[in-house]
Each structure stands twice: as C-alpha cells, then as structure tokens.
Amino acid sequence: KQEVTQIPAALSVPEGENLVLNCSFTDSAIYNLQWFRQDPGKGLTSLLLIQSSQREQTSGRLNASLDKSSGRSTLYIAASQPGDSATYLCAVNSGNTPLVFGKGTRLSVIA
Amino acid sequence: GAGVSQTPSNKVTEKGKYVELRCDPISGHTALYWYRQSLGQGPEFLIYFQGTGAADDSGLPNDRFFAVRPEGSVSTLKIQRTERGDSAVYLCASSQGAGELFFGEGSRLTVL
Chain A
7 KQEVTQIPAA LSVPEGENLV LNCSFTDSAI YNLQWFRQDP GKGLTSLLLI QSSQREQTSG
67 RLNASLDKSS GRSTLYIAAS QPGDSATYLC AVNSGNTPLV FGKGTRLSVI A
Chain B
42 GAGVSQTPSN KVTEKGKYVE LRCDPISGHT ALYWYRQSLG QGPEFLIYFQ GTGAADDSGL
102 PNDRFFAVRP EGSVSTLKIQ RTERGDSAVY LCASSQGAGE LFFGEGSRLT VL
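Line by line, the protein sequences give chains A and B. Residues in the first sequence are numbered consecutively from 7, following this note's numbering. Residues in the second sequence are numbered consecutively from 42, following this note's numbering.
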C-alpha cells in the first residue's frame, strides 16, 4: 500500500528566503506525482505535475524534482512571499489507483 | 464549466439525517474522484468513476456511503444516517484519463 510522508509538517520563514519542502513515498512504481496548494477553507490548486519519466518541472518560482528510485520529491520555492503562505500537499498516482496524499506542509512566510 | 463545481459549499445537518453532495466536473473529463479531508489531514480517497461506472470504491468507509454518476458527468455522493464522525470537507476532482487532477472547492459537512 502506497504511503506518502511530508516533512516538515509546518514551516515558518521570513520573506525572501528560498525553501524546500520534502515528500517521500514507499512504492516507487508510480505513474506521476503532483504538488498542490491549499489555502484555508479552500479546495486544492494544482501547482506541478511530474511524470514518472521526468526529473523535474518548473513553474515561475516553483521547481519540483522527482527521484523515483529513492521515493522522493522536493518542492523548491524561490524568494518566498507572504502570498505563498498555504498548505502544500504532495500526491502520488500509481496508474490504476487513485492519488494518495501526504498530510501536507503548512507554510507561513512572514513579512 | 471552467472548473469543478461542488454544491452545497456548506451543509449543516443533524445526526441521523440523509445528505447529498453534488459535483459537476470539468466538461469532457472522463474520470471523477471523491475524497474526504479532515482537519489537519491530507485528502483520503473515497471512490473513483471512469465514465458512469465506479472503477474503485474501496475508500468508502461503510454502506452508509454511496455515489452515483448516471450520465458520466455530474456525480452525487449520498450519505445515509449521518454520524458526527462524518463531519469533514468532501472534495471532488476530475481528470482526463490518468492525467492531472483538478479539484473543486469542496463541500463542508457538519453533523450536529
């Protein structure tokens, strides 16, 4: 059974810092991995999708990497801003099975 | 529609009542998913539809929960004899095949 772990559970940084969020998964036979953002009381917004054959994806200040063999992904946020404050969720798709989510990392960027 | 639409956004009910939650996926998306999210947790899978049929309902917690998607578009999640433990945010998502998932804003259910 696929399990997804995200570390740290919560993170507080001053504005302008670069930061890394970590995601690990137990079964490396994945189809793709997706990073989401969730604001309080809201649904999930897709940030980046990495296919199993890819090593990384970039969107603006966000860069997500995937190391399938070691069961790890990282989300790198450059030059963080207060508007980046949210919960970031990692989810793994193993093909014919539904997305399995981690519990998320709650990020606070302090102005 | 432009995105996944869920109604109602908030539902308060009494223990023992019946509840229906509706999801309208992105037009043309064949796959539809229901997840449940409790406070401080990641979303937990409930059921997944491919077209009109439930491809995987292994996440439904018990037989009080049921979902339908009769025409392969809109889906309804039905909860019978609600219990306080059913209180959560119910999230719906859709995708084109096994691609990127797009989520709605969720339906917050509170059972008193």
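Quick reminder that beta carbons are idealized off the backbone N, C-alpha and C, glycines included. Note that the structure is predicted; figures quoted are calculated from it, not measured.
| query | result |
| --- | --- |
| Based on Cα-Cα distance, which residue from B:SER50, B:ASP65, B:ARG77 lies nearest to B:ASP127? | B:ARG77 |
| Suppose you measure from the CA of A:ALA16 to the CA of B:LEU80; what does that come to, to the nearest Å? | 14 Å |
| Helix or strand or just coil, what does DSSP make of B:PRO66? | coil |
| How is the beta strand (DSSP E) around B:GLY94 delimited, first residue to last? | 94-97 |
| If you drop the 5 nearest sequence neighbours on each side, which residues of the same chain put their C-beta closer than 8 Å to that of A:ILE116? | SER18, VAL19, PRO20, GLU21, PRO88 |
| What in chain B is Cβ-close to A:GLN63, meaning under 7 Å? | None at all; the shortest Cβ gap to chain B is about 11 Å. |
| For B:VAL115 and B:ARG63, what's the separation of their Cα atoms in angstroms? | 7 Å |
| Verify whether the separation of the beta carbon atoms of A:TYR94 and A:ARG43 is less than 7 Å. | yes |
| Any idea what DSSP makes of A:ASP90, helix, strand or coil? | helix |
| Assuming contact is defined by CB atoms lying nearer than 7 Å, are A:ILE83 and A:ALA70 in contact in what I supplied? | no |
| Within the continuous beta strand (DSSP E) that includes A:TYR82, where are the two ends? | 78-83 |
| Does the segment 26-45 of chain A come close enough to the segment 99-107 of chain B that 3 or more CB-CB pairs lie under 8 Å? | no |
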